[in-house]
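S.K.:
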């Protein structure tokens with residue numbers, strides 16, 4: 001008798017691209033609680049990827065020719081990560097409170113750089129939705145705006161541009177101030193991390209950091225810079241963090257609930 005059962009719920013709904021499709025499935029196992037996930041085939045995928053989304057939950061991305069009978073074993077091997085990521089997602093949903101995941105913003109507050117933007121939505125004949133800064137602190141979303149998802153995607157692209165414009169040079173400045181050399185700084189829309197550091201001293205910053213208060217943004221920078229010196233969370237790592245930020249314990253606690261600053265459309 002097999003340990004795993006897939007229950008098909010929805011077949012061939014289009015997402016993101018006509019090249020991609022997904023099914024919603026259920027995995028049941030005597031080794032732990034069952035969980036629902038989206039199985040998404042993508043021609044752009046070269047290997048299996050697991051993602052956790054506030055809006056969609058667990059997503060399993062596979063190449064079109066992937067042997068899907070291997071998926072139960074992959075999920076079981078990653079069960080601890082999945083359960084941990086699900087808890088983080090539930091916490092983020094709780095922090096979002098009554099804010100609808102379908103809502104679009106009228107005002108965007110970028111606390112890290114002390115900017116507030118008024119958002120206007122203009123319908124045009126263009127099939128592409130764009131986000132353009134038309135005048136001081138006014139962002140215009142134009143195109144086929146009757147569908148909220150392309151609007152959200154345009155907003156996220158704009159946030160990434162703002163992050164590249166502001167966060168990256170600011171990070172290099174803090175790196176110079178702290179005398180910790182970094183190889184490269186990237187900006188990503190990460191799901192559950194504020195930042196990450198590779199062995200090659202490449203830093204990836206979450207573009208959502210723009211929504212944090214400036215002291216938490218700076219703490220994220222220091223946190224990741226110290227990982228260049230110590231790749232783990234050892235005592236030596238935290239001693240180095242303390243050397244650069246005496247209030248690190250306070251800020252670290254505050255950062256754990258900082259997802260409340262992030263709008264649902266992100």
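Residue numbers (full-length UniProt numbering): 1 to 266. All C-beta atoms in this analysis are idealised placements derived from N, C-alpha and C, irrespective of residue type, glycine included.
Taking Cβ positions, are residue 64 and residue 51 nearer each other than 9 Å?
M.R.: no
S.K.: Using the beta-carbon count (16 or more within 10 Å), is residue 206 buried or exposed?
M.R.: buried
S.K.: Along the chain, where does the beta strand (DSSP E) that runs through residue 62 open and close?
M.R.: For residue 62, the uninterrupted beta strand (DSSP E) run begins and ends at 57-62, by DSSP.
S.K.: Could you name the residues of the same chain whose beta carbon sits closer than 7 Å to that of residue 217, not counting the 5 residues immediately before and after it, in chain order?
M.R.: 112, 209
S.K.: Is the beta carbon of residue 40 less than 9 Å from the beta carbon of residue 71?
M.R.: No, the pair does not count as a contact, with Cβ atoms beyond the cut-off.
S.K.: Helix or strand or just coil, what does DSSP make of residue 135?
M.R.: strand
S.K.: Contact between the segment 123-137 and the segment 147-163: three or more CB pairs below 8 Å?
M.R.: yes
S.K.: Which residues in the same chain as residue 96 place their Cβ atom closer than 6 Å to its Cβ, once the five residues preceding and following it in sequence are excluded?
M.R.: Note that residue 96 scores a pLDDT of 48, beneath 50, so its modelled location is shaky and nothing firm can be said.
S.K.: Runs of 4 residues minimum, wholly inside the segment 184-221: which ones carry the alpha helix (DSSP H) assignment?
M.R.: none
S.K.: If we call anything under 9 Å between Cβ atoms a contact, is residue 223 one with residue 195?
M.R.: yes
S.K.: So, helix, strand or coil for residue 126, using DSSP?
M.R.: In the structure shown, residue 126 adopts coil according to DSSP, grouped into three states.
S.K.: Near residue 160, which residues of its chain fall below 8 Å by C-beta distance, leaving aside the five closest residues on each side in sequence?
M.R.: 187, 189, 207
S.K.: Please report the residue range of the alpha helix (DSSP H) in which residue 159 lies.
M.R.: 148-178
S.K.: Strictly by DSSP, which residues pair up with residue 75?
M.R.: In the DSSP output, where bridge partners are listed per residue, residue 75 has none listed.
S.K.: Need the endpoints of the alpha helix (DSSP H) that residue 255 sits in, please.
M.R.: 248-256
S.K.: Tell me whether the beta-carbon of residue 257 lies closer than 9 Å to the beta-carbon of residue 88.
M.R.: Not in contact: residue 257 and residue 88 (Cβ atoms no closer than 9 Å).
S.K.: Please state the DSSP three-state secondary structure of residue 43.
M.R.: Coil, per DSSP.
S.K.: Is it right to say residue 162 is buried, meaning 16 or more other beta carbons lie within 10 angstroms of its own, or is it exposed?
M.R.: buried
S.K.: When the Cα atoms are used, what is the spatial distance from residue 8 to residue 83?
M.R.: Unreliable placement is indicated for residue 8, whose pLDDT of 33 sits below 50; the coordinate value is still reported in the next sentence. Straight-line Cα distance between these residues: approximately 21 Å.
S.K.: Work out the CA separation of residue 106 and residue 254 for me, nearest whole Å.
M.R.: 27 Å
S.K.: Straight-line CA distance for residue 236 to residue 179?
M.R.: 17 Å
S.K.: Out of 145, 81, 201, 109, state which residue places its alpha-carbon closest to the alpha-carbon of residue 35.
M.R.: 81
S.K.: Can you grab the Cα-Cα spacing for the pair residue 131 / residue 260, in whole Å?
M.R.: Distance between the alpha carbons of residue 131 and residue 260 is about 24 Å.
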